[in-house]
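Our numbering applies: residue 8 is where the sequence shown begins, and numbers increase by one. Note that beta-carbon positions come from the ideal geometry of N, C-alpha and C, so glycine has one too. None of the values given here were measured: they were computed from a predicted structure. Report on the structure given below.
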Amino acid sequence: MCTSIRFTDNSGHMYLGRNLDWSFDYGQQVRVMPRGFHIPYSFIDDATAAHAVIGMCIDYKNYPMFFDCGNDAGLAVAGLNFPGYAEYAEDPVDGKTNIAAYEFPLWVAATFSTVDEVEAALRDTVIVAKSAGEGLGVSLLHWIIGDSQRSIVVEMMADGLHVYDDPVDTLANQPTFPWHMENLRTYITATSDFPQTATWRGAELKPYGAGAGMRGIPGDCYSPSRFVKAAYLNANYPQKESETENVVRMFRSLEGVVMIEGASRMGDGKFEKTIYTGCFSARTGNYYYAMYGDPSIRYVSLMDAEGASPDRLVVPDPRRS
8 MCTSIRFTDN
18 SGHMYLGRNL
28 DWSFDYGQQV
38 RVMPRGFHIP
48 YSFIDDATAA
58 HAVIGMCIDY
68 KNYPMFFDCG
78 NDAGLAVAGL
88 NFPGYAEYAE
98 DPVDGKTNIA
108 AYEFPLWVAA
118 TFSTVDEVEA
128 ALRDTVIVAK
138 SAGEGLGVSL
148 LHWIIGDSQR
158 SIVVEMMADG
168 LHVYDDPVDT
178 LANQPTFPWH
188 MENLRTYITA
198 TSDFPQTATW
208 RGAELKPYGA
218 GAGMRGIPGD
228 CYSPSRFVKA
238 AYLNANYPQK
248 ESETENVVRM
258 FRSLEGVVMI
268 EGASRMGDGK
278 FEKTIYTGCF
288 SARTGNYYYA
298 MYGDPSIRYV
308 SLMDAEGASP
318 DRLVVPDPRR
328 S
């Protein structure tokens, strides 16, 4: 399971981050893909990357299978689990841009500069159920894509490809994005304001302190609950100025929906936990991340690919934030 949010600083620079939750590591690594990198596609013509891209991925034979990533134009994308609802095309469709599910984040980040460009391209796009190689499965996902102006959610289901504007800049897992947005109406009385003293007949009832306005906001690990809490935190966190303040905002917000080992078992009996938290800053081109077993924040940068050969992914040296 996963949770993602997007926001901008007070100068309009975007930050997009996510928790990746599961019961085991995928062997994920941070990689930087240089501009000009040769990208082999399954159904469309191979291409050279128009943008440098940075993010967390599985480095599969020098091919970055990104979980989440951002590019040098300030566009970012994250894929989140969507089982029971995601349904891809079994075969490519004539006359369409056919993208394998594992290719989708890289295709978006390597090709486009803005959400508007992505949305226009998606009108003729089909996502196909093809794995990256023998023995590898096809992950059932939906995606949040953001830039400095807005974010969208992309869901491929049995009735086709759906693209939704995301006014709360939040995504979790199943059910569908429209369901999550409808569910938010249950919490419209939630507020960050300090509660006022109430009078019931002759009794004057004073608040114990701050936080009463959040009563009813869920705190469990269920996907609908994480969506609500993440959307609430993202809507109420004050806009910040500096890079450090905004990275802190991202990590503190996502801590509010983190999955702790021991709290939630999966169907196979294993405990689900937040494997890592990642954050792309369009302001600096930095990618910040922290692992479950080591919560210290480290970062790498798109600048790590400056002057690098476009033939290979760059393995950057992380710095402490």
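By DSSP, does residue i sit in helix, in strand, or in coil?
i, result
"residue 294", "strand"
"residue 220", "helix"
"residue 312", "helix"
"residue 36", "strand"
"residue 61", "strand"
"residue 11", "strand"
"residue 204", "coil"
"residue 143", "coil"
"residue 151", "strand"
"residue 133", "strand"
"residue 319", "coil"
"residue 54", "strand"
"residue 42", "coil"
For residue i, count neighbouring Cβ atoms within 10 angstroms of its own Cβ and tell me buried if that reaches 16, exposed if not.
i, result
"residue 181", "buried"
"residue 288", "buried"
"residue 246", "exposed"
"residue 11", "buried"
"residue 32", "exposed"
"residue 273", "exposed"
"residue 189", "exposed"
"residue 156", "exposed"
"residue 150", "buried"
"residue 206", "exposed"
"residue 213", "exposed"
"residue 215", "exposed"
"residue 260", "buried"
Which residue's Cα is closest to the Cα of residue i: the options?
i, options, result
"residue 62", "75, 55, 52, 168", "75"
"residue 15", "291, 327, 315, 307", "291"
"residue 71", "81, 60, 228", "60"
"residue 137", "152, 99, 169, 155", "99"
"residue 69", "86, 82, 40, 78", "40"
"residue 159", "301, 132, 123", "123"
"residue 277", "214, 17, 30", "30"
"residue 226", "271, 255, 204", "271"
"residue 118", "58, 130, 88", "58"
"residue 284", "21, 304, 97", "304"
"residue 93", "101, 45, 184", "184"
"residue 324", "21, 8, 37, 26", "37"
"residue 194", "120, 141, 126, 220", "220"
"residue 19", "197, 282, 166, 82", "82"
"residue 321", "8, 44, 34", "44"
"residue 314", "189, 170, 42, 165", "42"
"residue 85", "199, 179, 102", "179"
"residue 217", "109, 8, 207, 202", "202"
"residue 47", "299, 22, 109", "109"
"residue 162", "174, 213, 87, 235", "87"
"residue 152", "318, 78, 316, 28", "78"
"residue 51", "104, 89, 257", "104"
"residue 235", "282, 269, 187, 142", "187"
Can you give me the start and stop residues for the beta strand (DSSP E) that residue i sits inside?
i, result
"residue 21", "21-29"
"residue 212", "210-212"
Under 8 Å, Cβ to Cβ, is there at least one residue of chain B near residue i?
i, result
"residue 123", "Among the protein chains of the structure shown there is no chain B, as only one such chain exists."
Runs of alpha helix (DSSP H) wholly within the stretch 153-200 (minimum 4 residues, chain order):
Runs of the alpha helix (DSSP H) spanning 4 or more residues and lying entirely within the stretch 153-200 occur at 184-190, in chain order.
Could you tell me which uninterrupted beta strand (DSSP E) segments, each at least 3 residues in length, are contained entirely in the stretch 224-310, listed from first to last along the chain?
Whole beta strand (DSSP E) segments, 3+ residues: 280-288, 293-298, 301-308.
Whole runs of the alpha helix (DSSP H) within the stretch 65-131, excluding any shorter than 4 residues:
Complete alpha helix (DSSP H) runs here, min 4: 111-118, 122-129.
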